[in-house]
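Protein chains: 2
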Amino acid sequence: MGKYNRLDQIMDYLKIHNLVTVEELVIATEASPATIRRDLIKLDQQGVISRTHGGVTLNRFIPAQPTTSEKIHKNFTEKQLIADMAAQLIKPGDSIALDAGTTTLEIAKRITQMPIRVITSDLHIALFLSEFKQIEVTIIGGKIDDSSQSCIGEHGRSLLLQINPDISFISCNSWSLNKGVTAPTEDKALIKASFAEKADRVILVADSSKYDSYSLFTSIRLNRFTDIITDNHLDAQTLQLLQCQPFTLHIAG
Amino acid sequence: MGKYNRLDQIMDYLKIHNLVTVEELVIATEASPATIRRDLIKLDQQGVISRTHGGVTLNRFIPAQPTTSEKIHKNFTEKQLIADMAAQLIKPGDSIALDAGTTTLEIAKRITQMPIRVITSDLHIALFLSEFKQIEVTIIGGKIDDSSQSCIGEHGRSLLLQINPDISFISCNSWSLNKGVTAPTEDKALIKASFAEKADRVILVADSSKYDSYSLFTSIRLNRFTDIITDNHLDAQTLQLLQCQPFTLHIAG
DNA sequence: ATTAAAATGATTAAATTTAATCATTTTAAT
DNA sequence: ATTAAAATGATTAAATTTAATCATTTTAAT
Numbered sequence: 000m001g002k003y004n005r006l007d008q009i010m011d012y013l014k015i016h017n018l019v020t021v022e023e024l025v026i027a028t029e030a031s032p033a034t035i036r037r038d039l040i041k042l043d044q045q046g047v048i049s050r051t052h053g054g055v056t057l058n059r060f061i062p063a064q065p066t067t068s069e070k071i072h073k074n075f076t077e078k079q080l081i082a083d084m085a086a087q088l089i090k091p092g093d094s095i096a097l098d099a100g101t102t103t104l105e106i107a108k109r110i111t112q113m114p115i116r117v118i119t120s121d122l123h124i125a126l127f128l129s130e131f132k133q134i135e136v137t138i139i140g141g142k143i144d145d146s147s148q149s150c151i152g153e154h155g156r157s158l159l160l161q162i163n164p165d166i167s168f169i170s171c172n173s174w175s176l177n178k179g180v181t182a183p184t185e186d187k188a189l190i191k192a193s194f195a196e197k198a199d200r201v202i203l204v205a206d207s208s209k210y211d212s213y214s215l216f217t218s219i220r221l222n223r224f225t226d227i228i229t230d231n232h233l234d235a236q237t238l239q240l241l242q243c244q245p246f247t248l249h250i251a252g
Numbered sequence: 000m001g002k003y004n005r006l007d008q009i010m011d012y013l014k015i016h017n018l019v020t021v022e023e024l025v026i027a028t029e030a031s032p033a034t035i036r037r038d039l040i041k042l043d044q045q046g047v048i049s050r051t052h053g054g055v056t057l058n059r060f061i062p063a064q065p066t067t068s069e070k071i072h073k074n075f076t077e078k079q080l081i082a083d084m085a086a087q088l089i090k091p092g093d094s095i096a097l098d099a100g101t102t103t104l105e106i107a108k109r110i111t112q113m114p115i116r117v118i119t120s121d122l123h124i125a126l127f128l129s130e131f132k133q134i135e136v137t138i139i140g141g142k143i144d145d146s147s148q149s150c151i152g153e154h155g156r157s158l159l160l161q162i163n164p165d166i167s168f169i170s171c172n173s174w175s176l177n178k179g180v181t182a183p184t185e186d187k188a189l190i191k192a193s194f195a196e197k198a199d200r201v202i203l204v205a206d207s208s209k210y211d212s213y214s215l216f217t218s219i220r221l222n223r224f225t226d227i228i229t230d231n232h233l234d235a236q237t238l239q240l241l242q243c244q245p246f247t248l249h250i251a252g
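Here's what the structure looks like:
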């Protein structure tokens, strides 16, 4: 396996120190400023850090952040369009459930000023939303899955089965008409399924690039959803097929 | 109450954008660079943000971070000394429970390379430790308390009562021989008490400045603890009193 | 061991950010 | 309405960071 190199050293330093200068990393790694800058360019291209003229941080969350105001008004990704549409379905006073994921995090970013209750399995979403006073946040609890930094396991499931949200937003890495929403581990599949259990409205938020792929465990059949929000890059045939299904298909963008 | 001013605007911008430049804030607030810098100096003095020459972030956690290498080797606070001592009591393979708080977060920072299991109520600790592969993290779940960004309520308590850690580290804002460890709300007191329930060793980590103050709810009597770790600023009389108690008193520093 | 490629470090100029200063505008008190 | 104090904005020089270039060192393949 990959050995512990200077890039790992920089990453570990960034994990412990919020905002860092090149100078600090020079001291921590005993490399030259030029080398550190070259490393930072690599890490930046990987998308794991953010840089300014004079500062570096780990991208703990808030992925693919446009950094200049120019960019804010263009380069909307599919996920952002999907999140826009999803957020519009939420009304003040609602209780909503947010599955772990970047699309659901995008939804979270759009509801910060709304008086609502949110239940989530995602540490990033919980921490992010808990900074806004109008929002009451509940995290389901349980063992933390390293890759997604979200809760998995029976403990969180038991909480989800006790709660009846107005809307449950579920994201995924793979979905298809045949296999439904699938997940790579049984644990993750179980939590995802629990999100769909008690909600009045169950909404899949998934971009078209994830369509027609699948992982080992089926979590939720598509006909369990009341709505699916996706982007406008599905092919015509698929579109036709999905429009005949019992759920409402929303095309964002 | 205070109205929504430019400082709030800056803070809200920082909550959504990880790493930010003065230029961005100029655009977001429609103020001049000079004004933004003056605001940032204020926020920096309040300790809520970190600055470099060219970047600003919110201090999401990792409090009172020394920013230059000089400072790393001096200015150790009492909390850090306490955390040093606490971390030394942890052995590879242990299961430990970490109460919410900055002292326990300091402990977390010292055990990142150790193969252990950690259970915590604190979102920051959970998120922080979940980035290190050797550590298995569990969060107790429940409603998030805004002020401490940690879990409170019955759901998390039920998890704590199912788990038997080797050591439970408990922090507090107020402690005394008479009233024990106290907390401002019943919810918080209950969670804290639950941390002390099942652990083999129950350790209070609290600096001396918090001694002899109290809040409304008593959470844990001092004689429930097996150890107390504090700093060397307790007065002689108190010291003598505490040394006669059944717990082991550790003085850090 | 030799060689070529890649990585690193030092140097310098260019770009960017900050601090200091002072004029102007806004706010708050009477 | 008037006045003083505070806040803000513009300008410029100083400080800091970055990018570019090239020499040197390290690494990997034969």
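Sequence lines, in order, name chains A and B. Using numbering that gives the first Met the number 0, you'd call the opening residue of the first sequence number 0 and step up by one each time. Using numbering that gives the first Met the number 0, you'd call the opening residue of the second sequence number 0 and step up by one each time. Where a beta carbon is used, it is the ideal one built from N, C-alpha and C, also for glycine. Model, not experiment: these values are computed from the prediction.
Practice task
Measuring only between beta-carbons, confirm whether B:A192 sits less than 7 Å from chain A.
Solution key: no
Practice task
Report the rounded CA-to-CA distance for A:R36 versus A:V21, giving the unit in angstroms.
Solution key: Rounded to whole angstroms, A:R36 to A:V21 spans 7 Å at the Cα level.
Handout entry: Partner residues on chain B for A:V136, Cβ-Cβ distance less than 8 Å
Key = K142, I143
Problem - Partner residues on chain A for B:H232, Cβ-Cβ distance less than 9 Å - result: Neighbours of B:H232 on chain A: none; closest Cβ ~27 Å, over 9 Å.
Practice task
Taking 8 Å as the threshold, find out whether the stretch 119 to 136 of chain B comes into contact with the stretch 199 to 215 of chain B through three or more Cβ pairs.
Solution key: Under the three-pair Cβ rule at 8 Å, the stretch 119 to 136 of chain B does not count as touching the stretch 199 to 215 of chain B.
Exercise for the section: Name the residue from B:I219, B:T28, B:S207 whose alpha carbon lies nearest to the alpha carbon of B:E77. Expected result: Here the closest residue by C-alpha is B:S207.
Problem - Sufficient close CB pairs (3 or more, under 8 Å) joining the stretch 208 to 215 of chain A to the stretch 154 to 168 of chain A - result: By the C-beta criterion, the stretch 208 to 215 of chain A is judged not to be in contact with the stretch 154 to 168 of chain A, since fewer than 3 inter-stretch pairs fall below 8 Å.
Exercise for the section: Between the Cα of B:L104 and those of B:L233, B:C243, B:G92, B:A82, spot the shortest distance and give me the residue it belongs to. Expected result: Measuring from the Cα of B:L104, the nearest candidate turns out to be B:A82.
Practice task
List the DSSP bridge partners of B:S49.
Solution key: B:T56
Practice task
Could you have a look at B:S120 and say whether DSSP puts it in helix, strand or coil?
Solution key: coil
Problem - Close beta carbons around A:E69, own chain, < 8 Å, minus the five adjacent residues each side - result: Caution is warranted here: a pLDDT of 27 is assigned to A:E69, below 50, making its placement in the model unreliable, and the coordinate value is therefore given only provisionally. Excluding positions up to five away in sequence, the list is empty.
Practice task
Step through the CB atoms of chain B and report whether any lies within less than 7 Å of the CB of A:G46.
Solution key: Taking CB atoms only, A:G46 has no neighbour in chain B less than 7 Å away.
Exercise for the section: Please list, in chain order, all residues of the same chain as A:I48 whose beta carbon is under 7 Å from its beta carbon, the five residues on each side excluded. Expected result: L13, L39, L42, V55, T56, L57, N58
Practice task
Output yes if chain B places a C-beta closer than 7 Å to the C-beta of A:G100; else output no.
Solution key: no
Practice task
Tell me where the beta strand (DSSP E) around B:S94 begins and ends.
Solution key: 94 to 97
Handout entry: CB contact below 7 Å: A:E130 versus chain B
Key = Answer yes: the Cβ-Cβ gap between A:E130 and chain B drops below 7 Å somewhere.
Practice task
Show which residues of chain B have a CB atom less than 7 Å away from the CB atom of A:T20.
Solution key: Within chain B, the residues near A:T20 are T51.
Practice task
Can you grab the Cα-Cα spacing for the pair B:A235 / A:S167, in whole Å?
Solution key: 58 Å
Problem - Alpha-carbon spacing of B:I169 relative to B:T111, whole angstroms - result: 19 Å
Handout entry: Interface residues of the stretch 11 to 37 of chain B facing chain A [CB-CB below 7 Å]
Key = K14, I15, H16, N17, L18, T20, E23, I26
Handout entry: Three-way DSSP call (helix, strand, coil) for A:T237 in this model
Key = helix
Practice task
Excluding the 5 residues preceding and the 5 following A:G53 in the sequence, name in chain order all residues of the same chain whose CB lies nearer than 7 Å to its CB.
Solution key: When the five nearest sequence neighbours on each side are left out, the beta carbons in the same chain lying within less than 7 Å of the beta carbon of A:G53 are those of T20, in order along the chain.
Exercise for the section: Please go through the stretch 106 to 156 of chain B and give each complete alpha helix (DSSP H) segment of 4 or more residues, from N-terminal end onward. Expected result: 122 to 128
Exercise for the section: Pull up the CB-CB distance for B:A256 and B:L97, whole angstroms please, since I reckon it's below 8 Å. Expected result: Only positions 0 to 252 of chain B appear in this structure, which leaves residue 256 of chain B out of reach.
Problem - Member of A:T225, A:G141, A:M84, A:I9 whose CA lies at the smallest distance from the CA of B:A126 - result: Position check: residue 126 of chain B holds Leu in this sequence, whereas Ala was assumed. For B:L126, the nearest C-alpha among the options comes from A:G141.
Problem - Residue closest to B:K132, alpha-carbon to alpha-carbon, out of A:Q45, A:I143, A:K108, A:I219 - result: Considering only A:Q45, A:I143, A:K108, A:I219, the residue with the shortest C-alpha distance to B:K132 is A:I143.
Handout entry: Three or more C-beta pairs below 8 Å linking the stretch 213 to 223 of chain B and the stretch 182 to 197 of chain B
Key = Taking 8 Å as the limit for Cβ pairs, the verdict is that the stretch 182 to 197 of chain B does touch the stretch 213 to 223 of chain B.
Practice task
Indicate the three-state DSSP secondary structure (helix, strand or coil) for B:A30 in the structure shown.
Solution key: coil
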